[in-house]
Structure formats: structure tokens, C-alpha cells
Amino acid sequence: MRNPVIDVAALRCRYGDFEAVRGVDLEVDQGELFALLGTNGAGKTTVMETLEGLRAPSAGRVRVLGVDPHRDRAAIRARTGIMLQESGFPAELTVAEMTRLWRPGDHREALDRLDLGHRRDVRIKQLSGGERRRLDLVLAVLGRPELLFLDEPTTGLDPESRQRTWEVVRELLAEGTTVVLTTHYLEEAESLAHRLAILHEGVVAVSGALVDVLAAQPARISFDLPDRLDVRSLPILTGDVVHEPSGRVDVRTRNLQDDLETLLAWARRDGHALVRLRAHHASLEDVFHAARAGRQVVAA
Ligand SMILES: Nc1ncnc2c1ncn2[C@@H]1O[C@H](COP(=O)(O)OP(=O)(O)OP(=O)(O)O)[C@@H](O)[C@H]1O
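The structure is reproduced here in C-alpha cells:
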């Protein structure tokens, strides 16, 4: 029998007359990274805050680590780590003082893990935005939480810091930590998530295992139509072929390998060069656009 770390059914959240979350179901299993994605204002932060116990739902059932996170917040506080979108640290404290205030101890290793060891004696107000974000993560994981909430953890980080953050998140997953992540960087979710939900206007538009969600969308082949060729001279493909005004041909197909083989055999036989040829399975960005456009996407 499944024993999810997070179990949410028919969750609704209101701000006065406005219902920001309108019937959301979610399950997160132990040890997985669950990405909560969505357009601006879709309701991600509201759902996260409800899971963190910071907000009572208007309706629905919410269980986190087996308890109601709002009513029994004290029971789960020691077992969860939270990295909020914005943190308000005392600006005059040094990094080392802040970590000790958070939790007694030396914490050199935790700071080194996120390349902050050399900044131990620097005041928080002197840190760069990226360093503050990394300090947020250090504090969130200091108590070795079973369940970690990461709300846009890499916003404002340079590519190297982002990679380092991902490495730390992967290490935490390998140690068995369950992670709930919100992010606007879809490649981040695609790289880290086992399962995901995409919220749109307060409801779940797509949910499921990452591999299933990606497989439910058609793959794409695109290339520049060779000069002087009419699109009708292309070989017959199983996918839908669109000739863009830019001269690019865009094929959406459920048989990527077959259609690519047909196309390449035709190009070789007739001596055509397929300039800027790209062939790839659907990305999370494709799924996101489909969800946003209200197109039906399979929920696994
Ligand atoms: N305190 C509040 N009072 C009234 N409306 C609010 C409040 N907080 C959020 N909302 C509204 O609820 C909706 C959901 O907001 P929420 O912050 O949960 O979305 P989000 O998906 O996290 O957005 P973003 O990606 O922009 O952070 C939005 O329409 C927002 O304007």
C-alpha cells in the first residue's frame, strides 16, 4: 500500500472572495522530487504555504508526514526544511552567526557544500543575491529534514551556482530526502523531477511521472526547407507537417524514429541538405505550453 509523504485531496484556498486554488489533488512519495510548476499566479506558492502549514486550506484534505500541517505544525516542523521565495535575514549578522542562531553547531561542512565556507565571517548585507540564496538552502537543510520545500531555489543564481544547487539537491535525494520544488526554470524541473504537476489558474492541468508526461506529447523534427523545393515534395510522414512562413518545416510526430529515418533516406537519395535539422522528444516546455493553451495532456 502506498504511504505518501504528502497527500492532498480537493484542496481549495481563498483570499477573500477570490479562490486561488480550486480543487487540487497531489501525492508525493518518500524520496522523490516532486515539481510544482505553473504560470504566474497559478497558485503554486499558495499550495506550498498550505503544505508547509503556514496557511489553513478553505476546503479539502491535506496530510503531510501523516498529520494536518496547519493544526499539527509543531509535530512536523523539526522534520521539514523550508526555503522560502524571500527570506528576511538580520542583515548585520555574519553567515556563521546566522547558521549558529538557526541551529547550534559549527556548520563548516554545510557552508562548504554550497561554496559559502570562505564567506563565514561576512555580514549578510554584504552577500550577493546568489550567495544569500545559497545561504537560504544551507539553513533549510541544516537539520537534515526528511521533507524539504524549495520555493524557486535558483532564481537569480548564475549557471555555476545553479549547477551546484542541483548537485546538492541530488545528494539530498540520494540520502532519501523527499523534495517539493517550485521553479520557473523548466529545464531545472526536467533535470531533477521524478513526478510533477502543472497548475493553471488554480487547478492541476497536468500531473504524473516526468517520463509519462513527456511521452504524452508528440516529438518534433524541424529543418529549413531546401531552396526551390515545395513542401509537397517531402516524403509522406506519419506526423503533422507545418511549413512556417520563415521557411522552416516543423513536424510533430508520435513516431520520431520512423519519420526521421524516412526523411533522412529521402534527403540522401535526392541529395538534399537539411539545414539546421533538429529532432527531439517533447520537452517540459512543450508540455507547459500545451497546458497553458488548455490542450488536453494525459495525466498519469
Ligand atoms: N494575500 C493575497 N491576497 C489576495 N490574493 C492573493 C494573495 N496572495 C496571492 N493571491 C492571488 O492568488 C493567486 C495565486 O497566487 P500564488 O502566489 O499562489 O501564485 P504562484 O503560482 O505562486 O505565482 P508566481 O509564479 O507568480 O509566484 C494569484 O492570482 C494571486 O494574485
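Residue 105 in this note's numbering sits at position 66 of the sequence shown; the count goes up by one each step and never skips. Even glycine gets a Cβ: it sits at the ideal position worked out from N, Cα and C.
Enclosing alpha helix (DSSP H) for S200 [first to last residue]: 198 to 213
Sufficient close CB pairs (3 or more, under 8 angstroms) joining the region 172 to 192 to the region 114 to 126: yes
Alpha-carbon spacing of I237 relative to A244, whole angstroms: 6 angstroms
Residues bridged to R53 [DSSP beta-bridge criterion]: E58
Top-ranked residue by Cα proximity to R116, from L187, D298, E324, A213: L187
H328 in three-state terms, based on DSSP: helix
Integer Cβ distance of F262 from L76, believed to fall under 8 angstroms: With 8 angstroms as the limit, F262 and L76 do not qualify as a contact, their Cβ atoms being about 30 angstroms apart.
Status (buried if at least 16 other CB within 10 Å, exposed otherwise) for V177: buried
Contact set for E66: own chain, Cβ-Cβ below 7 angstroms, skip 5 residues either direction: P43, I45, D46
Where L345 falls: helix, strand or coil (DSSP): As displayed, the chain neither begins before 40 nor continues past 339, which places residue 345 out of reach and without an answer.
Backbone secondary structure at E157 - three-state DSSP: Correcting the residue type first, residue 157 is His in the shown sequence and not Glu. Here H157 sits in helix by DSSP.
Option in S230, A81, L273, P274 with minimal Cα separation from F57: A81
DSSP state of I260 mapped onto helix, strand, coil: strand
Residue span of the alpha helix (DSSP H) that contains I115, given as start and end: 112 to 116
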